[in-house]
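Every position in the sequence shown, counted from 1, becomes a number in my numbering once 6 is added. The C-beta atom is built at its ideal place from N, Cα and C for all residues, glycine as well. For clarity, every value in this text was computed on a predicted model and none was experimentally measured. Here's the structure we're looking at; comments come further down.
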Amino acid sequence: MTFLLRFTSLLWLLLAALGSITLVSCGSDSQKQTAGQATADSSATSAAGAQPLMDSTQLINAFRAEPAFKAQLLPARRFYRERKFQLAWFKNHQPVAQVKSLQDITAKAADEGLDAKDYQIKNISQMLAELEKVRDDSVRRNALERQVDIALSGTYMKWANDYYRGVANPRDKKDTSWQVKPNKIKLNKVLATFLGERKSRYNYYEFAPLHPEYDQLKKALATYRAQERAGGWPTLPANTVIKPGQYSPAVAALRKRLLDSQGGEVASAPTATAAKPGQPADVAALTYDLQLQEAVKQFQADAGLKGDGIVRGETLKQLNVPIGTRIDQLILNMERWRWLPKKFEPNYLLVNIPEYTLHVIEENKEAFNMRVIVGKVLHETPVFSDKMEYVVLSPYWNVPFSIIENELRDKLVADPNYLDRLDMEVVKGSGRKATVVDPSSVDWANVTQESFKYTLRRRPGPKNDLGDVKFIFPNSNDIYLHDTPHDELFSQSSRSFSHGCVRLSEPIKLATYLLRNRPEWDKQTILDSIATRREKYVTLKEKLPVYLVYFTAWADASGRPHFRDDIYGLDKKLAREYFD
């Protein structure tokens with residue numbers, strides 16, 4: 007009996023203890039807080055109750071149900087899991103300061119070339135107002151706090167994805183026309199940085215752009231939009247030709263276009279020359295004076311045109327591009343900056359294809375640049391990135407089979423020794439193991455690309471299509487930088503003449519620069535090696551990143567824009583996706 011009484015007493019004590027424990031599910035209102043959180047929130051939550059945790063099922067369902075959030079479900083789940091499902095946008099049941107920051111920045115999305123409507127997915131202000139009404143009802147309050155938290159996290163991730171990765175990121179669309187190494191952004195980490203819960207080298211908490219070049223385009227966009235609101239700029243009559251010193255009724259429109267318009271393209275431009283004594287006022291106003299000529303030359307420089315100061319042809323065409331078109335062009339090129347890596351290496355080479363220019367960057371500053379020739383429309387230079395490994399002095403040029411088939415076959419059938427006049431040879435194998443083959447032993451009449459087991463190449467020398475130097479960054483596109491014997495082409499404004507590779511105007515300068523860390527290869531040694539007409543590979547001490555990119559607009563530090571033609575139609579293609 008005594009044993010039974012003791013057992014009964016212990017059982018009642020156990021049941022009483024169990025009764026004081028509340029069983030909870032993941033993310034429910036009564037889920038216990040961590041000791042550290044309870045300590046931090048104890049004074050503020052004693053009356054209001056503990057801050058609720060996120061319900062993971064609710065989070066998943068909400069992100070899947072909203073098309074604008076759906077793509078960000080994975081980083082959202084990671085974000086809340088890393089914070090042990092604590093709400094992100096509330097402290098002690100009060101919205102954190104970043105709520106207003108997010109509302110403010112998304113309201114000004116147009117400043118970034120984005121559409122504010124894309125981030126008005128949920129009516130946050132209305133949800134917060136409803137939250138105030140139910141503060142005395144802890145169950146409804148906690149449920150609504152979770153909804154608000156989900157809405158804010160989804161909105162931020164949608165915004166941050168567009169702002170830091172791009173609205174039309176080619177990797178999301180599996181578009182192979184842009185193969186530059188990607189901008190790797192972890193949105194869960196970005197959001198934690200924005201909320202001040204982690205530090206980063208990138209100012210995500212300030213909505214800062216990743217590249218200064220983007221910010222400079224943004225300044226230009228603001229200026230052009232202000233000018234558009236003020237009425238834009240006039241169109242000059244078709245077939246206009248104005249030379250310095252000439253009188254023309256079109257000068258008035260030209261002056262307004264470049265000097266008198268608000269936020270015009272020529273900063274601090276002077277006004278028209280005053281009329282001379284006894285001269286009608288309109289004669290001075292309609293005379294193409296020296297001051298206006300300087301403005302035209304500045305415009306031509308910004309457009310990559312010959313700076314002759316004469317208004318005609320291509321200069322007239324560029325002057326008459328509508329301001330709305332230029333605004334779109336600025337926005338599209340801001341978008342392309344979002345696709346690039348978060349940070350470039352300190353030293354790299356950058357070829358901007360529409361600019362026809364190679365930029366050599368050393369310690370994050372431009373050391374020098376040079377003119378280049380890029381691929382023609384049917385043989386576009388691809389947009390990609392890789393690493394340079396070799397400088398090749400006195401290179402051979404391997405002749406594409408298409409040239410054999412379309413240009414050389416008939417001549418070689420008639421006379422195989424015709425190759426000697428072209429300073430060409432047929433070889434078997436490659437590199438140092440290549441052996442010369444008698445061209446008369448080849449059945450040129452019946453050779454096909456599949457059956458041709460040799461290489462037709464041009465020997466090093468003045469006739470060589472690659473000139474004296476080529477620069478190799480091994481890639482699947484078989485693209486490289488090289489010299490050319492046709493230096494006369496560099497004087498032209500538009501320089502899309504190649505079959506895809508990039509021709510350099512100053513190859514010896516680049517070779518000397520790239521080999522500057524190898525004292526045995528100074529400029530004179532390089533020239534001496536070229537003079538031997540024997541191919542020589544020189545390995546760089548460190549592989550150098552190379553970026554071949556496509557920017558049709560950029561701006562200087564003051565925000566003054568420069569524009570180039572969309573030579574491959576990539577702006578048009580991007581515009582259809584971005585604006586539609």
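- Collapsing the DSSP output to three states places Gly565 in coil.
- In this model, Pro513 and Ile485 are separated by some 16 Å (Cα to Cα).
- With distances taken between CA atoms, Lys371 lies nearest to Leu355 out of Leu355, Ile127, Ile379, Arg377.
- Its chain contains Pro250, Gln299, Val302, Lys303 as the residues whose beta carbon lies nearer than 6 Å to that of Gly315, once the 5 sequence neighbours on both sides are disregarded; these appear in chain order.
- Between the region 408-426 and the region 445-458 there are three or more inter-stretch CB-CB distances shorter than 8 Å, so the stretches are counted as touching.
- Taking C-alpha positions only, Asp421 is separated from Tyr543 by approximately 33 Å.
- Selection Ala94, Leu580, Pro491 evaluated against Tyr162 yields Ala94 as nearest (Cα-Cα).
- Between the alpha carbons of Gly381 and Val508 lies a gap of roughly 7 Å.
- In the DSSP secondary-structure assignment, Gln185 is bridged to Phe390.
- In the same chain as Tyr424, and ignoring 5 residues on each side of it, the C-beta atoms closer than 7 Å to its own belong to Lys417, Leu418, in chain order.
- For Asp586, the closest C-alpha among the options Arg152, Gln57, Asp334, Trp165 is that of Asp334.
- In this structure the region 63-76 touches the region 154-171; the number of beta carbon pairs closer than 8 Å is three or more.
- The criterion of a C-beta distance shorter than 8 Å is not satisfied by Trp345 and Tyr220.
- Per DSSP, the unbroken alpha helix (DSSP H) holding Glu320 starts and ends at 319-325.
- When C-alpha distances from Val154 are compared across Asp110, Asp121, Val105, the shortest belongs to Val105.
- Collapsing the DSSP output to three states places Asn167 in a helix.
- Judged by DSSP secondary structure, Gly381 falls within the beta strand (DSSP E) whose first and last residues are 371-381.
- Here Leu311 carries a coil assignment [DSSP, helix/strand/coil].
- Approximately 24 Å separates the beta-carbon atoms of Ile379 and Ser535; this is outside 8 Å, ruling out the contact.
- The Cβ-Cβ distance between Ser511 and Phe496 falls below 8 Å.
- When rounded, the separation of the alpha-carbon atoms in Leu80 and Arg141 is 31 Å.
- Excluding five sequence positions before and after Arg570, the CB atoms of its chain that fall closer than 6 Å to its own CB belong to Gly310, Pro360, Glu361, Thr558, given in chain order.
- Under DSSP, Leu487 shares a beta bridge with Phe477, Val508.
- Taking 8 Å as the cut-off, the beta carbon of Val475 is found closer than this to the beta carbon of Val397.
- At the C-beta level, Gly565 and Ala103 stay beyond 8 Å of one another.
- In this structure Ala198 is buried. Its beta-carbon is surrounded by 16 or more other beta-carbon atoms within 10 angstroms.
- In this chain, Met133 is not harboured by any beta strand (DSSP E); it is covered by the alpha helix (DSSP H) spanning 130-139.
- In the three-state reduction of the DSSP assignment, Ile359 falls in the helix class.
- When DSSP states are grouped into helix, strand and coil, Val552 belongs to the strand group.
- In the displayed model, Gln498 falls within coil according to three-state DSSP, outside both helix and strand.
- In this structure, DSSP gives Val173 a state outside helix and strand, which the three-state scheme calls coil.
- With 16 or more other Cβ atoms inside 10 Å of its own Cβ, Ala517 counts as buried.
- DSSP, reduced to helix, strand and coil, places Ala214 outside both helices and strands of the structure shown, so it counts as coil.
- In terms of Cβ geometry, Arg464 and Tyr402 form a close pair [threshold 8 Å].
- Contact annotation, Asp429 with Gly467: C-beta distance approximately 6 Å; criterion of less than 8 Å satisfied.
- With respect to the C-alpha of Glu541, the residue from Gly473, Lys180, Ile130, Thr321 having the closest C-alpha is Gly473.
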